[in-house]
Amino acid sequence: MFHAISQCLNSTSSSVFHARQAHAHILKLGLFSDTQITTTLLSLYANNNNLSFSKLNLILSSLPHPTLFSFSSLIHSFARSLHFRHVLATFSHLGPKGLVPDAYLTPSAIKACAALHALSQGKQVHAFVSVSGFASDSIVMSSLVHMYLKCDQILDARKMFDRIPERDVVVWSAMIAGYSRHGLVDEAKELFFEMRDEGVEPNLVSWNGMITGFRNTGAYVEAVMMFQMMLSEGFWPDGSTVSCVLPSVGQLEDVVMGAQVHGYVIKHGLELDKFVASAVIDMYGKCGCVLEMSRVFGEGDEMEIGSLNAFVTGLSRNGMVDDALEVFKKFKDRDMELNVVTWTSVIASCSQNGKDLEALELFRDMQADGIEPNVVTIPSLIPACGNISALMYGKEIHCFSLKKGIFDDVYVGSALIDMYAKCGRIQLSRRCFDRMLAPNLVSWNAVMKGYAMHGKAKETIEMFHVMLQFGQKPDSITFTCVLSACAQNGFTDEGWHYYNSMSKEHDVEPKMEHYACMVTLLSRLGKLEEAYSFIKDMPFEPDACVWGALLSSCRVHHNLSLGEIAAEKLFLLEPNNPGNYILLSNIYASKGMWDEENRIRGVMKSKGLRKNPGYSWIKVGHKVHMLLASDQSHPQMKEILVKLDKLNMDMKKSGYRPKTNFVLQDVEEQDKEQILCGHSEKLAVVLGLINTSPGQPLQVIKNLRICDDCHAVIKAISRLEGREIYVRDTNRFHHFKDGACSCGDFW
Numbered sequence: 001m002f003h004a005i006s007q008c009l010n011s012t013s014s015s016v017f018h019a020r021q022a023h024a025h026i027l028k029l030g031l032f033s034d035t036q037i038t039t040t041l042l043s044l045y046a047n048n049n050n051l052s053f054s055k056l057n058l059i060l061s062s063l064p065h066p067t068l069f070s071f072s073s074l075i076h077s078f079a080r081s082l083h084f085r086h087v088l089a090t091f092s093h094l095g096p097k098g099l100v101p102d103a104y105l106t107p108s109a110i111k112a113c114a115a116l117h118a119l120s121q122g123k124q125v126h127a128f129v130s131v132s133g134f135a136s137d138s139i140v141m142s143s144l145v146h147m148y149l150k151c152d153q154i155l156d157a158r159k160m161f162d163r164i165p166e167r168d169v170v171v172w173s174a175m176i177a178g179y180s181r182h183g184l185v186d187e188a189k190e191l192f193f194e195m196r197d198e199g200v201e202p203n204l205v206s207w208n209g210m211i212t213g214f215r216n217t218g219a220y221v222e223a224v225m226m227f228q229m230m231l232s233e234g235f236w237p238d239g240s241t242v243s244c245v246l247p248s249v250g251q252l253e254d255v256v257m258g259a260q261v262h263g264y265v266i267k268h269g270l271e272l273d274k275f276v277a278s279a280v281i282d283m284y285g286k287c288g289c290v291l292e293m294s295r296v297f298g299e300g301d302e303m304e305i306g307s308l309n310a311f312v313t314g315l316s317r318n319g320m321v322d323d324a325l326e327v328f329k330k331f332k333d334r335d336m337e338l339n340v341v342t343w344t345s346v347i348a349s350c351s352q353n354g355k356d357l358e359a360l361e362l363f364r365d366m367q368a369d370g371i372e373p374n375v376v377t378i379p380s381l382i383p384a385c386g387n388i389s390a391l392m393y394g395k396e397i398h399c400f401s402l403k404k405g406i407f408d409d410v411y412v413g414s415a416l417i418d419m420y421a422k423c424g425r426i427q428l429s430r431r432c433f434d435r436m437l438a439p440n441l442v443s444w445n446a447v448m449k450g451y452a453m454h455g456k457a458k459e460t461i462e463m464f465h466v467m468l469q470f471g472q473k474p475d476s477i478t479f480t481c482v483l484s485a486c487a488q489n490g491f492t493d494e495g496w497h498y499y500n501s502m503s504k505e506h507d508v509e510p511k512m513e514h515y516a517c518m519v520t521l522l523s524r525l526g527k528l529e530e531a532y533s534f535i536k537d538m539p540f541e542p543d544a545c546v547w548g549a550l551l552s553s554c555r556v557h558h559n560l561s562l563g564e565i566a567a568e569k570l571f572l573l574e575p576n577n578p579g580n581y582i583l584l585s586n587i588y589a590s591k592g593m594w595d596e597e598n599r600i601r602g603v604m605k606s607k608g609l610r611k612n613p614g615y616s617w618i619k620v621g622h623k624v625h626m627l628l629a630s631d632q633s634h635p636q637m638k639e640i641l642v643k644l645d646k647l648n649m650d651m652k653k654s655g656y657r658p659k660t661n662f663v664l665q666d667v668e669e670q671d672k673e674q675i676l677c678g679h680s681e682k683l684a685v686v687l688g689l690i691n692t693s694p695g696q697p698l699q700v701i702k703n704l705r706i707c708d709d710c711h712a713v714i715k716a717i718s719r720l721e722g723r724e725i726y727v728r729d730t731n732r733f734h735h736f737k738d739g740a741c742s743c744g745d746f747w
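FYI, the UniProt record's numbering numbers position 207 of the sequence shown as 207, with every residue one higher than the one before it.
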């Protein structure tokens, strides 16, 4: 029987079944006292990945006369099968058994700590190394370097590195790659040249480690320079090198360099490497070379998922969202096994290019196909909900993120903050922020942007100061949020204060968007001459946003002279933007200058330009309705107009008078009232009233700025109907309740 057990344990074909069979015989015959048999049994379990912690502890505790060899065999078996927790559990039994690990066994425990990122246990093993005289052993010390690098303890890794008596190219490469991964470019280069000074020549791993590290930390120029140095010194890059450097080339949009690398790929037959192929496609996509990208994709293995993902992303990045969708559907119809990256790429493509409904539909299809969304999918999808104010969809995705445990991801949390703000629920937005464990700058900016969007300047400024108290340094986006909030509320003194503090106190130089905010702030208060002087003193040429802010306020304040100056600038910067012509023609119309107004209309006609029509969206149930100004095509239009007539009568009884002075057309007063009735936001609100329960809040999105008359009408409707009505126009949010608006009639 003893011979049969030994034969079973030592058989090369031994399975879990054989191990359990032998284990039963060992227990039955009381052979646990035989250390050799017990050790072989443990190794068999380990090699078959079939040993629980409880079983391991039971067997180890029952060993009567264990030896270091027994434990070493078991630890090495666990290490080979990547059971690193079992390695550490077995290693921890050595001390109680009176056994001392040697210099051959200790590195296995250190490597297990590195694989598990178990810094605390790693430091304990390090302490043992220090008192056991292994500090002069190069292999043990190299293992400690790798462990500290894996645990992101770059300073401790360097201390160990400096103490190694004989350093080989492996440990040099690891230390250099560690510096590169942490963005410590100068330290990485210095160590690289020091390695060569000590007579150790870099290998492919050394070069690849530096290039990858520089790329991952955004040091794209350094990554490309290392690649060029590698070539100049006679090292031939392999597929890993090429796939590492091409993302940096793409980020730099250096298509000349990219084409040269592509030529190297073809010359050395690397185009069959799937990682290289997808990297080439991705590079051309980032460089805006759609034809080259399509050609590479077409010439390769189209059924390779990495290349397909890169191609779909490249099409999306270049605004070809319809083509990206077509490619996606084509390969899906071929029953190609699409992964989460593919789905996420096409969802993000739709979300970023105005196809929000399509993005939501794709997400549902993705779930139906059994693909699990990840922490990249959810932040890509959430903006689609915010863009169309699809609050219920947004809440569903929020619940999904909580259920899957990914809400704590800072980018998911930040996307939810932005989504709730865009859906008009700024309180929920703030609640999401308050529940974040470690908000970053993106999170702070998201909540400040939300407050600014809702015209809550005081809350925006308050959050700015809380952020500073938490030690978070603001960036240019932060100041755009603060200055925008000041502009929304007419906070002139505060606006100047934060604008002046940017470079003086926070080392943030004002950009074009900050100048546009200041022009908006000044000009909306009627300080048009001051705004114009501010523009003339700008250190660079103003763009269309700056001049557009001035022209828009000139229309509000009927300032013809400055309006003409701003319009002429805009005609040069944006010759095909009809909005600029409309604003100038409105100024002429407001002053009764119908000849000039007709002249501008004529210019538009000659250029083939038409006024952008006013659209409004409202979600009723599970359907999003789009209404066009003065459009009669909606199936419920008759009901809408009947309800609107009744509301007009009720409003007039309570003192409302249509603001016909905002109809800048040379028509009769009665016709002006009729034109006002056809504004899309009014139609959308009334559609919501007749299709929802009394008291239910309504949410409307408008593609243009809401007009004075619609603003007055919706205020009245909120009082007469007892509704909260949220309207998001191109400028801000308006929260109507009990006959008042959150903007305080300043917008």
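Ideal placement from N, C-alpha and C gives every residue a C-beta, glycine not left out.
- With a cutoff of 9 Å on beta-carbon distance, L698 and I640 are scored as not near each other.
- Boundaries for L338: no beta strand (DSSP E) harbours it, and the DSSP string shows neither H nor E there.
- Cβ contact annotation for G178 (same chain, cutoff 7 Å, sequence separation greater than five): L149, I154, A157, in chain order.
- Non-local C-beta neighbours of G300 in its own chain, meaning closer than 6 Å and more than five positions away in sequence, comprise A277, S307, ordered along the chain.
- Under the DSSP assignment, W236 falls outside any beta strand (DSSP E); it carries neither an H nor an E label.
- Counted as a single uninterrupted DSSP element, the alpha helix (DSSP H) harbouring Q260 occupies residues 255-267.
- At a Cβ-Cβ threshold of 9 Å, Y588 and L570 do not count as neighbours.
- The three-state secondary structure of Q699, taken from DSSP, is strand.
- Counted as a single uninterrupted DSSP element, the alpha helix (DSSP H) harbouring I281 occupies residues 274-286.
- In the three-state DSSP reduction, L315 falls in the helix class (H, G or I).
- Excluding five sequence positions before and after R181, the CB atoms of its chain that fall closer than 7 Å to its own CB belong to G213, N216, T217, given in chain order.
- The Cβ atoms of V280 and S248 do not sit closer than 9 Å to each other.
- Contact annotation, E597 with S585: C-beta distance approximately 5 Å; criterion of less than 8 Å satisfied.
- Boundaries cannot be given for K404, as no alpha helix (DSSP H) includes it and DSSP labels it neither H nor E.
- Take F470, set aside five residues on each side of it, and no residue of its chain has a beta-carbon closer than 6 Å to its own.
- Approximately 7 Å separates the beta-carbon atoms of V620 and T692; this is inside 8 Å, confirming the contact.
- The continuous stretches of beta strand (DSSP E) do not include S138, which lies in the alpha helix (DSSP H) extending over residues 138-150.
- Here the alpha carbons of W343 and H126 stand approximately 45 Å from one another.
- For I477 and H634, the gap between their C-alpha atoms comes out near 40 Å.
- Close CB contacts of M336 within its chain, under the 8 Å cut and outside five residues either way in sequence, are with M303, I305, L308 (chain order).
- The stretch 736-743 and the stretch 501-520 do not touch, with fewer than 3 CB-CB distances between them shorter than 8 Å.
- Under the DSSP definition of a beta bridge, W617 partners with M626, I701.
- Within the stretch 510-574, no beta strand (DSSP E) run of at least 3 residues lies entirely inside it.
- Taking C-alpha positions only, Q121 is separated from D543 by approximately 58 Å.
- Close CB contacts of G579 within its chain, under the 7 Å cut and outside five residues either way in sequence, are with N612 (chain order).
- A direct Cα-to-Cα measurement between E462 and C486 gives close to 12 Å.
- Distance from C554 to L573 at the Cβ level is roughly 16 Å; contact not present, criterion being Cβ atoms closer than 8 Å.
- Beta-bridge pairing by DSSP links V727 to V700, H734.
- Rounded to whole angstroms, the separation of the alpha carbons of E724 and D650 is 18 Å.
- For A740, the secondary structure class from DSSP, reduced to helix, strand or coil, is strand.
- Look at Q488 here: in three-state DSSP terms it is helix.
- The C-alpha of Q228 is placed about 10 Å away from the C-alpha of G234.
- Leaving aside the five residues that flank H76 on each side, the residues in its chain whose CB is nearer than 7 Å to its CB run, in chain order, S108.
- In the structure shown, V375 adopts coil according to DSSP, grouped into three states.
- In terms of Cβ geometry, L689 and I717 form a close pair [threshold 9 Å].
- According to the DSSP assignment, R430 belongs to the alpha helix (DSSP H) that extends over 426-434.
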